[in-house]
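One structure below.
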Amino acid sequence: NAGVTQTPKFQVLKTGQSMTLQCAQDMNHNSMYWYRQDPGMGLRLIYYSASEGTTDKGEVPNGYNVSRLNKREFSLRLESAAPSQTSVYFCASSERDRPTDTQYFGPGTRLTVL
Amino acid sequence: EDQVTQSPEALRLQEGESSSLNCSYTVSGLRGLFWYRQDPGKGPEFLFTLYSAGEEKEKERLKATLTKKESFLHITAPKPEDSATYLCAVKDSSNTGKLIFGQGTTLQVKP
């Protein structure tokens, strides 16, 4: 049981380049989330998918798009990367999108935009 | 506005020196408060969930408590391996799974 996996672990982009961050979970969870973590800011929600086939914006969605590919996989795309998107990105999943459900996190992707 | 504030930002302890971390929150109708541990370069690891005032949870040297306005993470006789950043989060007022995180407390335990 790998839990939540993320690829790549590290990435360096130039301004204007695009890339997709991949996330997969093997816990048969219905809900998946993308966060970014910046020094002094805490974790902030970018987008989430309460169930397969649905996606919704979080607190900081500008500059990102997401795709819930199937129940296991949830990807985050940067169409035109900006230095302000330099951050550590975490994917999480939970059984359902309910207040009582615990979110379990992946190991993160460290992205630098030059 | 839903908000979570953790204090102190950083804490240095000697091995065996007990202390507490604080998490204050403002949210309309608390639906769950979560504590996570995060090691450098890793993702947050779930520790506890608390749902109602007066509730307590324990795990090894850690004990989490909850009141109507704040939660404490008590660390008893810490060891160097307890060094990490401890994150507090609450479910927001939308009655969904969305989490609002505090900025974390970085704990260093020296031998």
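Residue numbers (this note's numbering), protein chains in the order written: chain A, 8 to 121; chain B, 65 to 175. Don't be surprised by glycine CBs; every beta carbon is placed ideally from N, CA and C.
Asked                                                                                                         : Found
Asp33 (chain A) to Tyr115 (chain B) span [Cα, whole Å]                                                        : 27 Å
Alpha carbon of Glu145 (chain B) to alpha carbon of Arg76 (chain B), nearest angstrom                         : 13 Å
Nearest candidate by alpha-carbon position, reference Gln70 (chain B), set A:Gly60, A:Gly47, A:Tyr96, A:Leu76 : A:Gly47
Residues that DSSP places opposite Arg103 (chain A) in a beta bridge                                          : In DSSP, Arg103 (chain A) forms no bridge with anything.
Within 9 Å, strictly: CB atoms of Met26 (chain A) and Phe81 (chain A)                                         : no
Host beta strand (DSSP E) of Met26 (chain A) (start-end)                                                      : 26–32
Integer Cβ distance of Gln78 (chain B) from Gly49 (chain A), believed to fall under 8 Å                       : Not quite, the Cβ-Cβ distance comes to about 28 Å (not below 8 Å), so this is no contact.
9 Å Cβ cutoff met for Leu28 (chain A) and Thr119 (chain A)                                                    : no
Cutoff 9 Å: Ser38 (chain A) Cβ touching any chain B Cβ                                                        : yes
For Ser88 (chain B), three-class secondary structure by DSSP                                                  : strand
Cβ distance (whole Å) where Cys30 (chain A) is taken to contact Gly113 (chain A) below 8 Å                    : 6 Å
Residue interval of the beta strand (DSSP E) (run including Ser215 (chain B))                                 : Only positions 65 to 175 of chain B appear in the structure, and residue 215 (chain B) is not among them; the question remains open.
Nearest neighbour of Gly11 (chain A), chosen from A:Ser101, A:Asp63, A:Gln18, A:Gln44 [CA to CA]              : The displayed chain sequence assigns Val, not Gly, to residue 11 (chain A). Considering only alpha carbons, the answer is A:Ser101.
Short CB-CB distance (under 9 Å) between Thr62 (chain A) and chain B                                          : no
Test: Met48 (chain A) CB closer than 9 Å to a CB of chain B                                                   : yes
C-alpha distance - His36 (chain A) paired with Tyr89 (chain B), whole-angstrom precision                      : 28 Å
Euclidean distance between Cα positions of Pro15 (chain A) and Val67 (chain A)                                : 21 Å
Ser127 (chain A): contacting residues in chain B (beta-carbon distance under 8 Å)                             : The structure shown has nothing for residue 127 (chain A), since chain A only spans 8 to 121.
Closer than 9 Å to chain B by CB, Pro106 (chain A)                                                            : yes
C-beta neighbour in chain B for Phe81 (chain A), strict 9 Å                                                   : no
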